[in-house]
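Below is one structure; the comments refer to it alone.
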Amino acid sequence: MENNVSENSFLAPRYWPTWLGILSLRLICLLPMKFQYLLGRMLGRILYKAVKKRRHIVEVNLSLCFPEKSETERKTMAVEVFENNAIGIFETAMAWWSKPERFENRCIIEGLEHLQQAQADGNGVLLTGAHYSTLDLGGFLLGQHLKFDTVYRPHNNPLFDKFICQGRSRFVGKLIDNENSRAIVKELRGGGIVWFAPDQDMGPKQSVYVPFFGVTAATVPATSKLARLGKAKVMIFGQYRLPHGGYKLTISPALEPFPTKDEENDTAHVNSMLEKAIREFPTQYMWVHRRFKTHPERKGILYEKSGS
15 MENNVSENSF LAPRYWPTWL GILSLRLICL LPMKFQYLLG RMLGRILYKA
65 VKKRRHIVEV NLSLCFPEKS ETERKTMAVE VFENNAIGIF ETAMAWWSKP
115 ERFENRCIIE GLEHLQQAQA DGNGVLLTGA HYSTLDLGGF LLGQHLKFDT
165 VYRPHNNPLF DKFICQGRSR FVGKLIDNEN SRAIVKELRG GGIVWFAPDQ
215 DMGPKQSVYV PFFGVTAATV PATSKLARLG KAKVMIFGQY RLPHGGYKLT
265 ISPALEPFPT KDEENDTAHV NSMLEKAIRE FPTQYMWVHR RFKTHPERKG
315 ILYEKSGS
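Residue numbers (the working numbering): 15 to 322.
Next comes the structure, spelled out in structure tokens:
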């Protein structure tokens, strides 16, 4: 997707911080990966202490989703969330600019045969994932093995959006605006693979209320709708940074039966499968988002009740 802002306007002072950020990422990308992980953990700890509002969101999310954990355990998890998200920033840079050879023998893929069989049978696949800290790098690693398109929301900053599109175009076929459901359905009906993440709160008008980690969560039922309209299989995609520094991608067998005539149950099923995938490395998920901001009683109430 191309933005409509003129190239010359990107030289305006309001874009200078964006240019500085991009330049910094480009330089950090040249460092050895071990050093990037170390730098990411350091940055994450700084952000944990400095960005109080975002820390509060993470702490509320973890208290809601992991009530079985002690307060001390959840605090440790919160710090790890910030560390993983900071490392993820540098991994995004690697996805945009590094050569594939950098990750040779660093990634394992489980379940690739499910995608390959669906393709051989002429079926489109809605590869349903979540917002992990390894978001772009997981796509980059998967893109070394097969062609797929991705659904995304254009960034509010047109200069940064330009870099997002350029970076992701290295490893995906098409970037499809998340509001362009016709394009998604067309790709699925044509037997294509489309990555899609339905795990963010899009407000009450587009959502149904179903459990996510045992918490009532406004969730878009689009997975069911797109699978039905696109006559596609739905598979759950997981992507993880391993303790030794390598990576693992997982692709589930096709959800069956799916879709059914009950969109709400379908959506709850998808949430339960995403939850299962997230629990494998829970602090690598982007708990920095207000996943539960929409509530039947009042917007944001869960965060208010937790001391905001």
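Quick reminder that beta carbons are idealized off the backbone N, C-alpha and C, glycines included. As the structure is a prediction and not an experimental result, all values here were calculated from the model.
Q) In whole angstroms, what is the alpha-carbon distance linking Q298 and V95? A) Cα-Cα distance, rounded: 6 Å.
Q) Thinking just about the alpha-carbon of each residue, which of H128, L140, A197 and R182 is nearest to the one in L151? A) For L151, the nearest C-alpha among the options comes from R182.
(Q) Using a 10 Å radius around the Cβ and a threshold of 16 neighbouring Cβ atoms, would you call R28 buried or exposed? (A) Counting Cβ neighbours within 10 Å, R28 comes out exposed, since fewer than 16 surround it.
Q: Measure the beta-carbon distance from T230 to I190 and round it to whole angstroms, keeping in mind my assumption that it falls under 8 Å.
A: Taking a contact as a CB-CB distance under 8 Å, the pair T230 and I190 does not count as one, their CB atoms being some 29 Å apart.
Q) How many angstroms separate the CA atom of T32 from the CA atom of I42? A) Straight across, the Cα-Cα distance linking T32 with I42 is about 15 Å.
Q | Terminal residues of the alpha helix (DSSP H) in which N177 lies | A | Note that residue 177 is Phe in the sequence shown here, rather than Asn. F177 -> alpha helix (DSSP H) spans P172 to R182.
Q. So is E294 buried or exposed if we call it buried at 16+ other beta carbons inside 10 Å?
A. Classification for E294: exposed.
**Q.** Nearest to K239 (by Cα), restricted to the options T148, T281 and P267
**A.** Among T148, T281 and P267, the Cα nearest to that of K239 belongs to T281.
Q) According to the Cβ coordinates, are K247 and A144 closer than 7 Å? A) It is not a contact, given that the beta carbons lie outside the stated cut-off.
Q. What are the start and end residues of the alpha helix (DSSP H) that includes K239?
A. For K239, the enclosing alpha helix (DSSP H) begins and ends at A236 to G244.
Q | A232, enclosing beta strand (DSSP E) - first and last residue | A | Counting along the chain, the beta strand (DSSP E) containing A232 begins and ends at V229 to T233.
Q: Label N22 either buried or exposed according to how many other C-beta atoms from any shown protein chain fall within 10 Å of its C-beta, with 16 as the threshold for buried.
A: The C-beta of N22 has fewer than 16 other C-beta atoms within 10 Å across all chains shown, which makes the residue exposed.
Q: Over the uninterrupted alpha helix (DSSP H) stretch that includes W209, give me the two end residues.
A: Element bounds for W209: not the alpha helix (DSSP H) but the beta strand (DSSP E), I207 to F210.
Q. Taking just the CA atoms, how far does I101 sit from W301?
A. Their Cα atoms are separated by approximately 14 Å.
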